[in-house]
Amino acid sequence: MRVLVTGGAGFLGSHLCDRLLAEGHEVIAMDNLLTGTTDNITHLAGHPRFTFIHHDVTHYIYVKGHLDAVLHFASPASPVDYLELPIQTLKVGSLGTHNALGLALAKGARFLLASTSEVYGDPLVHPQDEDYWGNVNPIGPRGVYDEAKRFAEAMTMAYHRAHGVDTRIVRIFNTYGPRMRINDGRVVPNFIRQALRGEPLTVYGDGKQTRSFCYVDDLIEGIYRLLMSDQVEPVNIGNPAEMTILEFAERINALTGNPAGIVFKPLPVDDPQQRQPDITRARKLLGWEPKVELEQGLRPTIAYFAERLGIPNPRLA
Ligand code: UDP
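First residue of the sequence shown: 0, per numbering that gives the first Met the number 0; consecutive thereafter.
Here it is as structure tokens:
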């Protein structure tokens, strides 16, 4: 296949490029490098089946030649980023999705949308299955991301129903791994950076809110299976192993031997209290479930951040 990956220089987009190339496909990565970085794709420079186009997908997208698939992964994805870039976040989810769908329609290509567990907002149903409609505050600060992705899902289904575009929607839950930006403000890079520097971990609120963390390799496997399937309905991809943020902080401090402990900071506005994917659909339709245990995934992630911070061989418990 000849595949366009928008956000191809981002955390997930770049891992997806690697996987598609490994499967023998031709890949065009497109990114405006707002939150992505060419560092994530320099290893692909010169690859005979890889091209990079520096472009902002909120403007008309031109790609020469045929395309078999368009994978729309462009968007800020960290709460800190989308609070700093509220209008860009809304634009890439709305205008960017519209342009990417228009391109898929024009090329007769399959379209896959990177959606999010944030469509469920601060969920009143637990764990969250795909039939839950969500509990989102449209005018709160997080609304810029949540509503952009909800609009993107609606637009994707409209292109499917009105134009017959072959579409897929993946709802991605918290994912971690190498190539996350060390200062993107999300809990995994924050805690690992703080632990490696021997600083206290900043737990927001009382730390009783929960998340379920999926290692990037598992996530990419799920997305690849979804792309190759005929499943038009949204599919949750994430790891159901749920824990409180306080427990997560304690795991990181234990693993890195960080003696500095924890400090509590204010909870961000509209921070979801609990989150756990119901992956029944992914198990049934894609034969997929996560395989990587938390500690197994944290080790390469910590090694990645340690290298970025110039700490050569951190000792792990
Ligand atoms: N969080 C925290 N300390 C940090 C960063 C985040 O306690 O330094 C909390 C945050 O309030 C949320 C959870 O960790 O409850 C996950 O936050 P993240 O920004 O990674 O992503 P989210 O799941 O909220 O989109």
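Glycine included, C-beta positions come from ideal geometry on N, C-alpha and C. Since the structure is predicted, the reported quantities are computational estimates derived from the model, not experimental observations.
Counting C-beta pairs closer than 8 Å gives fewer than three between the region 141-150 and the region 296-309, which falls short of the contact rule.
A straight-line Cα-Cα distance of about 43 Å links proline 233 and proline 258. For tyrosine 303, the enclosing alpha helix (DSSP H) stretches over residues 293-308. Here the alpha carbons of tryptophan 287 and arginine 170 stand approximately 14 Å from one another.
In this structure, the CA atom of asparagine 235 is about 11 Å from the CA atom of alanine 113.
For glycine 120, the closest C-alpha among the options Lys283, Phe304, Gln273, Ile301 is that of Gln273. Secondary structure of glycine 221 (DSSP, three-state): helix. Counting only residues of its own chain and dropping the five nearest sequence neighbours on each side, glycine 133 has a CB closer than 6 Å to the CB of Val118, Tyr119, Gly120. Per the C-alpha coordinates, the member of Ala73, Ile191, Ala103, Leu195 positioned closest to lysine 148 is Ala73.
Glycine 12 and leucine 284 have their alpha carbons spaced roughly 23 Å apart. For isoleucine 244, the distance from the CB to the nearest heavy atom of the ligand UDP is below 8 Å. Closest by C-alpha distance to glycine 221, out of Gly6, Met0, Arg18, Tyr158, is Arg18. By DSSP's assignment, cysteine 213 forms a beta bridge with Thr174.
Assigned with DSSP and collapsed to three states, arginine 167 falls in strand. Under the three-state reduction of DSSP output, glutamate 22 falls in the coil class, being neither helix nor strand. Within a 10 Å sphere around the beta-carbon of tyrosine 81 sit 16 or more other beta-carbons, which makes this residue buried.
Assignment of serine 77 by DSSP, reduced to helix, strand and coil, places it in the coil class.
By the neighbour-count definition (other C-beta atoms within 10 Å, threshold 16), leucine 32 is an exposed residue. The distance from the Cβ of asparagine 173 to that of phenylalanine 212 is about 5 Å, consistent with a contact at the 8 Å cut-off. Nearest to asparagine 238 by C-alpha distance, out of Val291, Thr88, Met179, is Val291. Within the same chain, Tyr131 come within 6 Å of valine 124 by CB-CB distance, once the 5 residues on both sides are set aside. In this structure, the beta-carbon distance from isoleucine 261 to glutamate 249 falls below 9 Å.
Runs of alpha helix (DSSP H) with 4 or more residues, each lying fully within the region 211-285, are found at 215-227, 244-255, listed in chain order. When the five nearest sequence neighbours on each side are left out, the beta carbons in the same chain lying within less than 7 Å of the beta carbon of glycine 6 are those of Gly12, Asp30, Gly35, Phe72, Ala73, Ser74, in order along the chain.
Ranking Thr57, Gly204, Leu43 by CA distance to the CA of valine 268 puts Gly204 first.
For arginine 48, the closest C-alpha among the options Asn39, Arg1, Arg167, Ala8 is that of Arg1. Within the model, the alpha-carbon separation for proline 177 versus phenylalanine 304 is close to 7 Å. Asparagine 312 carries a coil assignment under DSSP once its states are collapsed to helix, strand and coil.
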